[in-house]
Amino acid sequence: MSAGARLASEIVENVGIALDGLATHRLRTFLTTLGMAIGVMTVIAIIAIIQGLNKSFEAQVSTFGAHTLYVDKWKWMTLSDEWWQMRNRKRIGKPELDAIVNESKLATAVAPTSRAMATVSFRDRTLSDVRVEGTSEQYPLTAGNTADRGRFLVGGDVEAARSVAVLGFEVADKLFADAGGAHAAVGSTVLIGSRPFAVVGVMARRGRMLGMSMDSNVLIPWSSFGRLFGARRSITIAVAAEPGQLEALEDELTGILRRVRAVPPDKRDDFTLNRQDQLLKIYNQLTGALYGVAVGVGLITLIVGGIGIMNIMLVSVRERTREIGVRRALGARRRTILMQFMIEAAIVAVVGGALGTLAGLVVAQIVALLSPLTAAVTPSAIGLGLGFSAVVGLVFGSWPAWQAAKLDPVEALRYE
Amino acid sequence: MPNANDLILVSHLSRSYQMGVEEVHALAGVSFSIARGEWVAIVGQSGSGKSTLMNVLGCLDTPTAGTYTLAGSNVQELSDDARADLRNREIGFVFQTFQLLSRATALANVELPLIYRGVPRGERRERARQALEEVGLGARTRHRPSELSGGQRQRVAIARALVGAPSLLLADEPTGNLDSATGEDIIRLFSELHKAGHTIVLVTHEPRLAARCPRAIRLSDGCVVADGPGSEVAAMAAARSVGT
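Residue numbers (the working numbering), protein chains in the order written: chain A, 131 to 546; chain B, 224 to 467.
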């Protein structure tokens, strides 16, 4: 009989022996499996929630427009030491906008945006701290979102500085709660500050990003915004390009802006070209450490489960010392005994791991239902759960198994 | 002196243990040979070294000096794995306390040596069943040890020892935990096995049992003090214990 065939039959026999041993101590097996399952459950739930968060963040970020650069005085999600430097930058305004519109060959749409917080009211309903954004008719092309009721701003609104407004979904929904909801908004007149604006449309709903509503804004023509809040504010210019042209656009805009803003060749850019993937990068930086800690806690739970396995396996080896002696006398090699106990530990770990994976996915779904967090179930998370538990079983099972394998057969047979 | 028919050849065999600072010589230069088909008792009082000799003969323990040849293999030169394989092929153990796996059925207990030899399941079952029939337990294959009497348990153990067709049956006080009538049955079974051609080494402290064997080797303080027909060795031992 070949060595390979002998090994294969030994594995089959050992699985049977291990199952038999586990079945004899049902309660003990159950508790050990439970310990393992809790550990894996924790890891799986944490990973599922983290992946869900990441996924929803990515989905939200993608609404910024994947092929758009945002020319801004400020870098998004900046750190404090850069903040002072950017605070002293020259504002971005009409000269930059005109230069980009006239000179850029790669830009497919250009939309300026100024922002201010203001009070918006309709009859006796008032919303304070609403984000009012002054922009142009090209905004939908750069933002990937437009009005789905009424219409968006048109070129004429901007040129004539008309007092017209497109409401974010949440603003419309809240202001017109008594008047029949967002449907009733189009055609009404709202007050921004104290000035009346005719509502011409309501934006499609975008949802929340990092717990913040993306729908609580009001869009008005850029020219009207200047009259309302003054034209001296720094603006953001959203510039869209064809897919795959973002890098080239970045180079082109950098050239145009450095010239218009007269940046000497030896100085760094005094503006920032923001893009959505940069948000993702910073998000990952900020949350990576937190996730590390969360996964670490899960792993510690898993290790505790592993120690449970080791403990029970040591008891099992002690109890079955005579059995080990008999098996050795009848011709079992050390390796065979080692395998027998390793397989027993691995079975407990993998069964625990499978149950834990299942429970973890359930917990993740419950968390997703009860909180604003989302949970994503990926095959890799399941593979990770089962893989982790198998590794834990083998690692923590190996010490007791080695204790069993190195027993002296004479001593083992005499053991009471 | 080596004979082609020798199954066991033991030459100047010693085994000593370190007990603290003191060295204890459990076996102090033992030499003998056992031919195939012999039935030999190894007899001696407790502390005479017979348990140590039994462990060495069973390839469970290794000598500190001297040589032990079993079925042509020089045991003291073998690795741990090779000794495990040798035990599996050449030796069938019968213990005083039976040493059956309590959770396993009689059949599963008898199958054990064949598992470690890699015999396929179906053939294993069949051979285990036959072995149980040979010892008169053909109707008890599904019973667990706790459901069997002492004599039946020892028969299961003997079936387990026989199932792999080893060249040596090594029995350690096989009647020690049995009442005299049941013990007598077991000795009769050994006698039948001897007649069928099996080589049997029976370790015991009872001269009465040694007297039943065609040949006995008496140990005292780790040395062979008598080697001859069982009845003579037993009589000598009895005379000595009366004399002192």
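Every residue, glycine too, gets a C-beta built ideally from N, C-alpha and C.
Approximately 4 Å separates the beta-carbon atoms of A:S353 and A:A291; this is inside 8 Å, confirming the contact. At a cut-off of 7 Å between beta carbons, A:A462 contacts chain B. Nearest CB-CB separation between B:P368 and chain A: not below the 7 Å threshold. Between B:Y339 and chain A, the shortest Cβ-Cβ separation is below 7 Å. Proximity of A:R136 to chain B, defined by a Cβ-Cβ separation below 7 Å, is satisfied. Contact check for A:A334 against A:D278 passes: the beta carbons are separated by less than 7 Å.
Between A:Y421 and A:I180, the C-beta spacing is below 7 Å.
Shown here, A:D396 sits in coil according to DSSP, grouped into three states, outside any helix or strand. When C-alpha distances from B:E261 are compared across B:P452, B:M459, B:V447, the shortest belongs to B:P452.
Straight-line spacing of the CA atoms in A:H197 and A:G298 works out to 23 Å. Note that the region 132-147 of chain A does not touch the region 384-399 of chain A; fewer than 3 beta-carbon pairs, one per stretch, sit closer than 8 Å. Comparing alpha-carbon positions, the option among B:R347, B:T292, B:A439 lying closest to B:I231 turns out to be B:T292. Secondary structure at A:W204: coil, using DSSP grouped into helix, strand and coil. Along the region 275-307 of chain B, going in chain order, the ones with a CB nearer than 8 Å to a CB of chain A are N278, G281, L283, D284, D303, D304, A307.
Taking 4 residues as the minimum length, the alpha helix (DSSP H) runs contained wholly in the region 258-346 of chain A are 269-273, 285-289, 299-305, in order along the chain. The alpha-carbon separation between B:R441 and B:N297 amounts to approximately 24 Å. Any Cβ of chain B closer than 7 Å to the Cβ of A:S139 would place that residue at the interface, and such an atom is present.
The continuous beta strand (DSSP E) containing B:V263 extends over residues 262-266. In this structure, A:A167 is the residue among A:A167, A:G426, A:N144, A:S234 with its C-alpha nearest to the C-alpha of A:V480. Going by C-alpha positions, A:K224 is about 13 Å away from A:A368. Straight-line measurement puts the Cα of A:N184 at about 36 Å from the Cα of A:I322. Taking a C-beta distance under 7 Å as the contact criterion, A:L468 and A:A424 do not qualify as a contact pair. Rounded to whole angstroms, A:G151 and A:R457 show a C-alpha spacing of 14 Å.
Rounded to whole angstroms, A:L514 and A:L410 show a C-alpha spacing of 24 Å.
Residues of the region 389-400 of chain B with a C-beta atom less than 9 Å from some C-beta of chain A do not occur. At a cut-off of 7 Å, the C-beta of B:F413 has no neighbouring C-beta in chain A. C-alpha of A:P242 to C-alpha of A:S266: approximately 7 Å in a straight line. Taking a Cβ-Cβ threshold of 7 Å, the residues of chain B close to A:V540 are N278, L283, D284, in chain order.
Residue pairing by DSSP puts A:F252 in a beta bridge opposite A:R255. Around A:E474, no beta-carbon contact reaches into chain B at under 8 Å, the shortest distance being about 14 Å. Straight through space, the alpha carbons of A:G418 and A:F160 are spaced by roughly 36 Å.
As summarised for the region 353-406 of chain A, the continuous beta strand (DSSP E) elements at least 3 residues long and confined to that stretch are 366-371, 402-404, given in chain order.
By the CB criterion at 7 Å, B:A433 and B:V233 fall outside the cutoff. For B:V426, the secondary structure class from DSSP, reduced to helix, strand or coil, is strand. Beta-bridge annotation (DSSP): A:P351 is paired with A:T265.
By the neighbour-count criterion, in which a residue is buried when 16 or more other Cβ atoms sit within 10 angstroms of its Cβ, A:G310 is exposed.
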